[in-house]
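K.L.:
Would you mind keeping the following structure in view while I ask a few things?
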Amino acid sequence: MNRLIILVFFAFTLSVQAQVLRSNSSIAADDTPLIFQYYRDGEYEKAVVLLEKMFSGANNEGYFDIYFNSLLKLKRYDVAEKTVKKLIRQHPENDAYPIALGKLYQEKGDVQNGNKIFSDIINKLPKDEFKIRNLANNFYRFENYDFAVQTFKQGRKILGNNELFTYELLNIYRFKKDKPMLMQEYLDALATIPQLLPQAQVVLPMIFDDKADYQTFQVGILKKIQKDPDAEIYIQLLTWNYIQQQQYDMALRQLIAFDKRTKADGGTLFNAIYTFVDNSAYETAIKAYEYLLTKGKENQYYLPSKIELLNTKYNIQTAGKYNTAALDLLAKDFQILLDENGKNKNTLFAIKRLANLQAYYLNQAAQAEKGLEEALQMPGLNGQDIGQLKLELGDIYILTNQPWEAFLVYEQVSKQFEGQPIGNEARFRSAKLSFYQGNFDYSSAQCLVLKAATSQLIANDALNLSLLISDNIQTPTDSNALKMYADAEMLVFRNLPAQAIRKLDSIAIVFPENGLTDAVLMTKARILIKSNDFQSAADILKKLTENFKDGIWTDDALFTLGDLYEKKLNDIVQAKLYFQKLITDYPGSMFSAEARKRFRNLRGDGV
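Per mature numbering (1 follows the signal peptide of the UniProt record, and there is no 0): the sequence shown = residues -18 to -1, 1 to 589.
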C-alpha cells in the first residue's frame, strides 16, 4: 500500500464528502468548492469558518474528516474534542469517531490515553470479517498503521483463520518498510498462497538494503524447509534468494537435494536452470543439465537437457574470442545428438545450432546449407518452423555467394507471412541484402514499407537504415563512402569482426569528409560488445552520444550504455544516468518506455 493508494483513498473521501456537502443545503453546495480550495492551499482558518457553518446541519458525517483535520492543523483541540464526543454519542455504532478521538489525544501528546482507546476498540472486535476490515481501514484512514495491523491480527484470532488479511498486511508492512514482518508474512503465506511468489520476488529487493537482508531472509526460509522439507515453494524461494546473492552453486545444491529427496522427475530443476542461464551462470547450468542426464534416456527431460546443455556450451564458447578447435568438438557433439535421436521436430533446435556453428565459425557454410535444406523436408513442421528455417537458410545462401537464392527465400517468407513479425523480418533481411550489394534505392524502398510494421524493433531498424541511406547518397562521394560502410556491415554479418573494424577505420581515410562517423561508431561498439570488450564499447558509445546529439543512433547508444552499465559493468549510478538522459532528451524513442521501466527499477520504485 503506497502513497498512491493513500492519495486515491483521500481523493475518494473528499469526493464522498463533496457529494454530502452538496446535498445538505444550497448554501453548502455554493461553499463546497471554496472549502476544498482553502483546505488544499493550507488556509485552514478560512476553511473552518465555512465548515462550522455547514457543520451545524444534520447530515454532517460526510465532511467530518476535512473539518477534523483542519481543527488539528489549527491546534483547536478543545473544539475538535467536543465535536468528536458529540458524534460518538450520536453514532455509537461508528468506530471512526472513537479512533478520531484517540488520534486527537495523540496529537495533544496524551499517547497513553489515545492508545487505550484504540486497544479497547480492538478488544471488543465482533466475530465479523466485514467489521474487522472496516475497523482496520478506519485506523489506516487516521494513519494509525500499527493498530491496523493489530486489528487484522486480532481478527485472525477471533475468526480462527491465520490465512485471512494476508494481502492487507503485506501492503501495510511494505508501506512501513517493516522488513522483518514483511519477510515473515511472505514466509507464512506462501505455503497456502504459492501464487504470491512472483510478487515476493519483486517486492523484497525493493526494501532490502544489502546482502545482510538476504541472509536474514535465508535463515527464515531454511526454518520453513526444516519443518516442511518437501514443500517445493520454499525450495523455489531459497533458490531465488541464493541467486540474488549470486550464489548459483548453492542454489543448484538445494535443487538437486530436493530432487533426490522427493524422487522427482527433475522438472523443478529443469525449469530453474533458465534462471542460471539468464544470469550468465553458465557453468552452474552445465552442472545442472549434466545431473539431469544421469536420470537416463527414459526421463522426459533427458533430450531437452542434452540439447540445452549443448546450447549452453554454445553460449559460452561463442562469447568473446572463440576457439575454433573447441567449437569443432561442440559441432561434433551436436551431430552425435542428431545421430542418436534423429532429425525431427524435437531436434530442430540442434539442427539450427549445428548449421550456425558450421556457417559462421567453422567455415563449413556448404554443409550448413545442406543441413537446413534437408531439415525443410522433415515432416511435422508447422508454418512458423518452416519460415524460420528459410530465413536462416537465406542467410547462409549469402555466405555461399548465392544472393539471388537468398533474395527468393526472403521474398517467399515475406509474402507467406505478410504483415506478421516473421514476414517483416524477411522483408528487412531482403532490404539488408540489397544494402550489402549497394542497391540503396531498393533497400530504402523496402525500409519505407517496414516503417509501419507492428514490430517496433523492426520498424525502428528499418527507419534507421532508410535514414542512413537517404543521408548519405547526396553526392557520388557520399555514395562511395556508404558502399564501404555496407562492405563493413557485410563482414560483420559474415562474423569477421577484425576485418570489419579495419574496413570501418579505412572509411575516414579514403573519404575524410564522410557523414558516417556516428554509424561507424555504433557498428564498432556492437562488434566490441559481441567480443565481450564492454568497457571499450562503452567508451565509443559515450563519444557517439556526446558528439552526435541529433544523430540516428544516439537514443540507441544511450539505451545500450544503460544496459551495459547495469548488466555488464555493474555501475548502477551510470546506468541510471544514461537511462534518465534517454527518457528526458529522447521521449519519442522506441527505447524510452523500457528505459523508464529499467530506471525506476534501479531507483527502487514500487510497482
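Glycine is no exception: its CB is placed at the ideal position from the N, C-alpha and C atoms.
(1) With a cut-off of 8 angstroms on the beta carbons, I'd call L564 and F541 a contact; round off their distance for me.
(2) Within 10 angstroms of its Cβ, does N144 collect 16 or more other Cβ (buried), or is it exposed?
(3) How long is the line joining the alpha carbons of L274 and E290, rounded to whole angstroms?
(4) Please report the straight-line C-alpha distance between I(-14) and I81, rounded to a whole angstrom.
(5) Give the secondary structure of F573 by DSSP, where H, G and I count as helix, E and B as strand, and everything else as coil.
(6) Do you know whose CA, among V131, Q366, N383 and G96, lies nearest S396's CA?
(7) Going straight from the alpha carbon of P187 to that of D23, what length do you get?
(8) From the DSSP output, in three-state form, read off M165 for me.
(9) Hey, how far is the Cα of W535 from the Cα of E471?
(10) Kindly indicate the opening and closing residues of the alpha helix (DSSP H) around W535.
(11) Just list the alpha helix (DSSP H) runs in the segment 257 to 319, keeping only unbroken ones of 4 residues or longer that don't cross its boundaries, in chain order.
(12) Can you tell me whether F112 is buried or exposed, with buried defined as 16 or more other CB within 10 angstroms of its CB?
(13) E150 and F129 look like a contact to me (Cβ under 8 angstroms); what is the Cβ gap, rounded to whole Å?
(14) On a CA-only basis, which of Y264, T294, T257 and F252 is nearest N281? Give me that one, please.
(15) Per DSSP, what kind of secondary structure is R580 in: helix, strand or coil?
(16) Would you give the residue range spanned by the alpha helix (DSSP H) that G376 belongs to?
(17) Quick one: what does DSSP say N462 is sitting in, helix, strand or coil?
(18) Should Q88 be labelled buried (16 or more other beta-carbon atoms within 10 Å of its own) or exposed?
(19) Assuming D453 is part of the alpha helix (DSSP H), what are its boundary residues?
(20) Can you name, in chain order, every residue of its own chain whose Cβ lies under 8 angstroms from the Cβ of A434, other than the five neighbours on each side?
(21) Should Y418 and A482 be called a contact, given that it needs their Cβ atoms to be closer than 7 angstroms?
(22) Three-state secondary structure (DSSP) at Q88?
(23) In or out: T276 buried (at least 16 other Cβ within 10 Å) or exposed?
(24) Can you tell me the Cβ-Cβ gap for L237 and L179, rounded? I've got them flagged as a contact below 8 angstroms.
(25) Straight-line CA distance for T566 to S448?
(26) Buried or exposed: which applies to V555, given that a residue is buried once 16 or more other Cβ atoms fall within 10 Å of its Cβ?
(27) Going by C-alpha to C-alpha distance, which of K303, G324, N326 and K295 sits closest to A313?
(28) Can you tell which of L464, E125 and K303 has the C-alpha that lies nearest to the C-alpha of K158?
(29) Please classify I217: is it buried, with 16 or more other beta-carbons within 10 angstroms of its beta-carbon, or exposed?
(30) What is the residue span of the alpha helix (DSSP H) that T527 lies within?
(31) Since S416 and Y424 should fall inside the 8 angstroms C-beta cutoff, what is the C-beta to C-beta distance between them, to a whole number of angstroms?
(32) So the candidates are L169, A519 and N323; which of them puts its Cα closest to the Cα of T198?
(33) Mapping the DSSP letters down to three states, classify Y216 as helix, strand or coil.
(34) Tell whether a beta-carbon distance below 7 angstroms holds between L354 and L375.
P.N.:
The relevant details are as follows:
(1) In the sequence shown, counting from the first residue as 1, residue 564 sits at position 582. In the sequence shown, counting from the first residue as 1, residue 541 sits at position 559. Yes, L564 and F541 are in contact; Cβ-Cβ is about 6 angstroms, under 8 angstroms.
(2) Taking the first residue of the sequence shown as 1, we reach residue 144 at position 162. Under this definition N144 is an exposed residue.
(3) Your numbering for residue 274 matches position 292 in the sequence shown. Your numbering for residue 290 matches position 308 in the sequence shown. Whole-angstrom Cα-Cα distance: 11 angstroms.
(4) In the sequence shown, the residue the question calls residue -14 occupies position 5. In the sequence shown, the residue the question calls residue 81 occupies position 99. Annotation note: pLDDT 39 at I(-14) (below 50); position unreliable, coordinate value reported separately. Each residue's alpha carbon lies about 21 angstroms from the other.
(5) In the sequence shown, the residue the question calls residue 573 occupies position 591. It is coil, neither helix nor strand.
(6) Mapped onto the sequence shown, residue 396 falls at position 414. Answer by Cα proximity: Q366.
(7) On the sequence shown, position 205 is the one that residue 187 refers to. On the sequence shown, position 41 is the one that residue 23 refers to. Taking the straight line joining both Cα atoms gives about 37 angstroms.
(8) Within the sequence shown, residue 165 is the residue found at index 183, counting from 1. If DSSP states are grouped into helix, strand and coil, M165 belongs with the helices.
(9) Reading the sequence shown from its first residue, position 553 is the one you call residue 535. Reading the sequence shown from its first residue, position 489 is the one you call residue 471. If you take the alpha carbons of W535 and E471, they lie about 15 angstroms apart.
(10) Residue 535 sits at position 553 when you count from the first residue of the sequence shown. Premise fails: W535 is in no alpha helix (DSSP H) and is neither H nor E.
(11) 264 to 275 and 284 to 299
(12) Along the sequence shown, read from residue 1 onward, the residue named residue 112 stands at position 130. Per the 10 Å Cβ criterion, exposed.
(13) The count along the sequence shown starts at 1 and reaches residue 150 at position 168. The count along the sequence shown starts at 1 and reaches residue 129 at position 147. No, E150 and F129 are not in contact; Cβ-Cβ is about 13 angstroms, not under 8 angstroms.
(14) The residue labelled residue 281 in the question sits at position 299 within the sequence shown. Looking at the Cα atoms, F252 is the closest of the given residues.
(15) In the sequence shown, residue 580 corresponds to position 598, counting from 1. Reduced to three states, the DSSP call for R580 is helix.
(16) Taking the sequence shown and counting its residues from 1, the one referred to as residue 376 is at position 394. Run containing G376: G365 to L381, per the alpha helix (DSSP H) assignment.
(17) For the purposes of this step, residue 462 is taken as residue 480 along the sequence shown, with counting starting at 1. The answer is helix: DSSP assigns N462 an H, G or I state.
(18) Along the sequence shown, one-based indexing puts residue 88 at 106. Buried, by the Cβ-count rule.
(19) As a working mapping, residue 453 is identified with position 471 in the sequence shown. First-last of the alpha helix (DSSP H) with D453: Q438 to D453.
(20) Within the sequence shown, numbered from 1, the residue matching residue 434 stands at position 452. Within the same chain, A434 has close Cβ partners A441.
(21) Residue mapping note: residue 418 aligns to position 436 of the sequence shown, counting from 1. Residue mapping note: residue 482 aligns to position 500 of the sequence shown, counting from 1. Their beta carbons are not under 7 angstroms apart, which means Y418 does not touch A482 by this criterion.
(22) Here the question's residue 88 lines up with position 106 in the sequence shown. Q88: helix per DSSP, three-state reduction.
(23) The residue you call residue 276 lines up with position 294 of the sequence shown. With fewer than 16 other Cβ atoms within 10 Å, it is exposed.
(24) Taking the first residue of the sequence shown as position 1, residue 237 is located at position 255. Taking the first residue of the sequence shown as position 1, residue 179 is located at position 197. The pair is not a contact, with the Cβ atoms about 15 angstroms apart (cut-off 8 angstroms).
(25) As a working note, residue 566 is residue 584 in the sequence shown. As a working note, residue 448 is residue 466 in the sequence shown. The straight-line gap from Cα to Cα measures roughly 25 angstroms.
(26) Looking up residue 555 in the sequence shown gives position 573. Exposed, since its Cβ has fewer than 16 Cβ neighbours within 10 Å.
(27) Position 331 of the sequence shown holds residue 313. Among K303, G324, N326 and K295, the Cα nearest to that of A313 is on K295.
(28) As a first step, residue 158 must be located in the sequence shown, where it is residue number 176. That would be E125, whose Cα lies nearest to the Cα of K158.
(29) The residue you call residue 217 lines up with position 235 of the sequence shown. Classification for I217: buried.
(30) In the sequence shown, the residue the question calls residue 527 occupies position 545. Taken as a continuous stretch (DSSP letters only), the alpha helix (DSSP H) holding T527 covers F516 to N529.
(31) Start at 1 with the first residue of the sequence shown, and residue 416 comes out as number 434. Start at 1 with the first residue of the sequence shown, and residue 424 comes out as number 442. Confirmed, about 5 angstroms.
(32) Counting from 1 along the sequence shown, the entry for residue 198 is found at position 216. Checked all of L169, A519 and N323; the closest Cα to T198 is L169.
(33) Position 234 of the sequence shown holds residue 216. Helix, per DSSP.
(34) In the sequence shown, the residue the question calls residue 354 occupies position 372. In the sequence shown, the residue the question calls residue 375 occupies position 393. Going by C-beta atoms, L354 is nearer than 7 angstroms to L375.
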